[in-house]
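A short worksheet on the structure shown next.
There are 2 protein chains.
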Amino acid sequence: MAKEMDMSITSDGQFDHLKRICNEAGIKLTHQRLEIFKEMVAAKDHPSAEAIHRRLQKKLPTIALDTVYRTLTTFDELGILRKLRLTGERTLFDANLDRHHHFFCTRCKKIEDVYWPEFDNSSLPEGIGSIGKIRARHLELHGLCKKCLAEGNE
Amino acid sequence: MAKEMDMSITSDGQFDHLKRICNEAGIKLTHQRLEIFKEMVAAKDHPSAEAIHRRLQKKLPTIALDTVYRTLTTFDELGILRKLRLTGERTLFDANLDRHHHFFCTRCKKIEDVYWPEFDNSSLPEGIGSIGKIRARHLELHGLCKKCLAEGNE
DNA sequence: GTTAATGCAAACGGTTTGCAGGGGT
DNA sequence: ACCCCTGCAAACCGTTTGCATTAAC
Numbered sequence: 001m002a003k004e005m006d007m008s009i010t011s012d013g014q015f016d017h018l019k020r021i022c023n024e025a026g027i028k029l030t031h032q033r034l035e036i037f038k039e040m041v042a043a044k045d046h047p048s049a050e051a052i053h054r055r056l057q058k059k060l061p062t063i064a065l066d067t068v069y070r071t072l073t074t075f076d077e078l079g080i081l082r083k084l085r086l087t088g089e090r091t092l093f094d095a096n097l098d099r100h101h102h103f104f105c106t107r108c109k110k111i112e113d114v115y116w117p118e119f120d121n122s123s124l125p126e127g128i129g130s131i132g133k134i135r136a137r138h139l140e141l142h143g144l145c146k147k148c149l150a151e152g153n154e
Numbered sequence: 001m002a003k004e005m006d007m008s009i010t011s012d013g014q015f016d017h018l019k020r021i022c023n024e025a026g027i028k029l030t031h032q033r034l035e036i037f038k039e040m041v042a043a044k045d046h047p048s049a050e051a052i053h054r055r056l057q058k059k060l061p062t063i064a065l066d067t068v069y070r071t072l073t074t075f076d077e078l079g080i081l082r083k084l085r086l087t088g089e090r091t092l093f094d095a096n097l098d099r100h101h102h103f104f105c106t107r108c109k110k111i112e113d114v115y116w117p118e119f120d121n122s123s124l125p126e127g128i129g130s131i132g133k134i135r136a137r138h139l140e141l142h143g144l145c146k147k148c149l150a151e152g153n154e
């Protein structure tokens, strides 16, 4: 019984976590917000708002796409995730807040996280001071992923 | 007279250049294409299609915005310029084909070119091979430009 | 009970497209 | 003369917004 209790608590961990965040921010913890939160935490990729909406169809068949947009934007403002307005196309969302960069497969459009702490900590070029003060750097690597390299000839 | 002839030839240099490009590509050299080309070569910033359209209003009051879009896309395909689908917002166009990166001022939205050959030629992190083959790298630096640093307090 | 969040639908802004007429070759 | 390119208008797609209803507090 103690064991089941533990499991219950564990599976409610995300609920408690989000509840705390919402309380601090003074916003309501709604069913939709919780499910979007869980979906984002579970996501191993970089989903668009539409993708999250699609994935929630089974659990929340009546959820509206604009609610997903609104919620993801709220989460971005709260610092729960990052709005990624990357190269072209739609806006993506990334629940991974660790410092990292992105690889884009030119063919299949897949996006992979790239960690490169040496680069993050390296100094910027000389002339940069004359431009301004850099607060963040984000690197985009473009090429062909392993899978596309194996499959295709282009 | 010889002098005027030289000047004439000189000022037609862009015309000749574009004419050659169009001939090779098998497309027509139209008035609109020439003016958009000249505007892009003259541009020291990273104009949007709308900006180019605006700048051409005096010279070509009847040019349509979609012609600018079509022409810039054509130029991008011909390699005359680069379509920059950068962080959020609209698509920008860059006639500077030298390898370079971009700095974004978070406040005034200004974009500056950043040259960093040492970085361009440096090797990528170890694990990158397991992801795929990198063909290009583009760095985005975000921060406050000199002007905004001086003006503001944020 | 009060207030904020949701769902719906319609607006929005940047970009693209279908079409007929006009200009370059 | 031929056909591509242009201008016009309307479609398009991702995203945002106004509003009445619903649910969280």
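Note that the protein sequences, when read in sequence, are chains A and B.
At position 136 of the first sequence (counting the first as 1) the number is 136 in the working numbering, and the numbers step up by one without a gap.
At position 72 of the second sequence (counting the first as 1) the number is 72 in the working numbering, and the numbers step up by one without a gap.
Positions of the beta carbon are idealized from the N, C-alpha and C atoms, including for glycine.
Thr71 of chain B and Ile36 of chain B closer than 7 Å at C-beta: By 1-based counting over the second sequence, the position of residue 71 of chain B is 71. By 1-based counting over the second sequence, the position of residue 36 of chain B is 36. Contact: yes.
According to DSSP, is Leu65 of chain B part of a helix, a strand, or is it coil? Taking the first residue of the second sequence as position 1, residue 65 of chain B is located at position 65. It is helical.
Name, going along the chain, the residues of the region 106-138 of chain A whose beta-carbon falls closer than 8 Å to a beta-carbon of chain B. Thr106, Glu112, Val114, Tyr115, Trp116, Glu118, Phe119, Leu124, Pro125, Gly127, Ile128, Ser130, Ile131, Gly132, Lys133, Ile134, Arg135, Ala136, Arg137, His138
Using a Cβ cut-off of 7 Å, pull out every chain B residue sitting near Leu149 of chain A, in sequence order please. Here residue 149 of chain A corresponds to residue number 149 of the first sequence, with the count starting at 1. Ordered by position in chain B, the residues that pass the 7 Å Cβ test against Leu149 of chain A are Gly132, Lys133.
Taking only runs that begin and end inside the region 36-82 of chain B, name each unbroken alpha helix (DSSP H) of 4 or more residues, in chain order. 49-55, 65-78
Of all Cβ atoms in chain B, is any one closer than 7 Å to the Cβ of Leu18 of chain A? Stepping through the first sequence from its first residue, residue 18 of chain A is reached at position 18. Answer no: the Cβ-Cβ gap between Leu18 of chain A and chain B never drops below 7 Å.
Output, in chain order, the set of chain B residues within a Cβ distance shorter than 9 Å of Glu35 of chain A. As a working note, residue 35 of chain A is residue 35 in the first sequence. Under the 9 Å cutoff, chain B gives no residues; its nearest Cβ is about 26 Å from Glu35 of chain A.
Given this structure, state the Cα-to-Cα distance separating Leu149 of chain B from Pro61 of chain A, to the nearest angstrom. Position 149 of the second sequence holds residue 149 of chain B. Position 61 of the first sequence holds residue 61 of chain A. Taking the straight line joining both Cα atoms gives about 48 Å.
Could you give the first and the last residue of the continuous alpha helix (DSSP H) run that contains Asp98 of chain B? Position 98 of the second sequence, counted from the first residue, corresponds to residue 98 of chain B. Here Asp98 of chain B belongs to no alpha helix (DSSP H), and DSSP marks it neither H nor E.
When you compare the CB positions of Leu144 of chain B and Leu139 of chain A, do they come within less than 7 Å of one another, or not? Along the second sequence, one-based indexing puts residue 144 of chain B at 144. Along the first sequence, one-based indexing puts residue 139 of chain A at 139. No, the Cβ-Cβ distance between Leu144 of chain B and Leu139 of chain A is not below 7 Å.
Is Lys19 of chain A helix, strand or coil by DSSP? As a first step, residue 19 of chain A is located in the first sequence; it is residue number 19 there, counting from the start. Three-state result, Lys19 of chain A: helix.
Across which residues does DSSP place Lys133 of chain B in a beta bridge pair? Locating residue 133 of chain B in the second sequence gives position 133, where the first residue counts as 1. Its beta-bridge partners are A:Leu144.
Quick one: residues in its chain with C-beta nearer than 7 Å to the C-beta of Asp113 of chain B, no 5 flanking neighbours on either side, listed in chain order? Position 113 of the second sequence holds residue 113 of chain B. For Asp113 of chain B, where only same-chain residues beyond five positions count, the Cβ hits under 7 Å are Asn96, His100, His102.
If you run the structure through DSSP and keep just helix, strand and coil, what is Leu29 of chain A? As a working mapping, residue 29 of chain A is identified with position 29 in the first sequence. Reduced to three states, the DSSP call for Leu29 of chain A is coil.
Given that a residue counts as buried once 16 or more other Cβ atoms are within 10 Å of its Cβ, and exposed if not, what is Ala49 of chain A? Taking the first residue of the first sequence as position 1, residue 49 of chain A is located at position 49. So Ala49 of chain A ends up on the buried side.
Could you give the distance in angstroms between the alpha-carbon of Met40 of chain A and the alpha-carbon of Ile80 of chain A? If you number the first sequence from 1, residue 40 of chain A lands on position 40. If you number the first sequence from 1, residue 80 of chain A lands on position 80. In a straight line, the C-alpha of Met40 of chain A is about 10 Å away from that of Ile80 of chain A.
What is the rounded straight-line gap between the Cα of Lys133 of chain A and the Cα of Ile27 of chain A? Counting from 1 along the first sequence, the entry for residue 133 of chain A is found at position 133. Counting from 1 along the first sequence, the entry for residue 27 of chain A is found at position 27. If I take the Cα positions, the gap works out to 34 Å.
Which residues DSSP lists as bridging Leu139 of chain B, in chain order: Taking the second sequence and counting its residues from 1, the one referred to as residue 139 of chain B is at position 139. Answer by DSSP bridge pairing, in chain order: A:Leu139.
Alpha carbon of Glu89 of chain B to alpha carbon of Leu86 of chain A, nearest angstrom: Within the second sequence, numbered from 1, the residue matching residue 89 of chain B stands at position 89. Within the first sequence, numbered from 1, the residue matching residue 86 of chain A stands at position 86. Cα-Cα distance, rounded: 10 Å.
Would you mind telling me which residues of chain A sit closer than 8 Å to Lys28 of chain B, beta carbon to beta carbon, in chain order? Sequence index remark: in the second sequence, residue 28 of chain B carries index 28 (1-based). By Cβ distance, chain A contributes nothing, its closest Cβ being about 28 Å from Lys28 of chain B, past 8 Å.
Start and end of the beta strand (DSSP E) containing Glu89 of chain B? Taking the first residue of the second sequence as position 1, residue 89 of chain B is located at position 89. Note, Glu89 of chain B: premise wrong, no beta strand (DSSP E); not H, not E.
Quick check: the region 11-24 of chain B against the region 124-133 of chain A, are there 3 or more CB pairs under 8 Å? no
Flag this pair as yes or no: are the beta carbons of His46 of chain A and Ala136 of chain B separated by less than 7 Å? Position 46 of the first sequence holds residue 46 of chain A. Position 136 of the second sequence holds residue 136 of chain B. Contact: no.
Just how far apart, CA to CA, sit His53 of chain A and Thr67 of chain A? Sequence index remark: in the first sequence, residue 53 of chain A carries index 53 (1-based). Sequence index remark: in the first sequence, residue 67 of chain A carries index 67 (1-based). Taking the straight line from one Cα to the other gives about 9 Å.
Quick check on Glu24 of chain A: does DSSP put it in helix, strand or coil? Indexing the first sequence from 1 puts residue 24 of chain A at position 24. It is helical.
Suppose the cutoff is 6 Å on Cβ atoms and the five residues either side in sequence are ignored; what does the same chain contact list for Tyr69 of chain B look like? For the purposes of this step, residue 69 of chain B is taken as residue 69 along the second sequence, with counting starting at 1. Ala49.
Classify Cys108 of chain A: buried if its beta carbon has 16 or more other beta carbons within 10 angstroms, exposed otherwise. Locating residue 108 of chain A in the first sequence gives position 108, where the first residue counts as 1. Cys108 of chain A should be labelled exposed.
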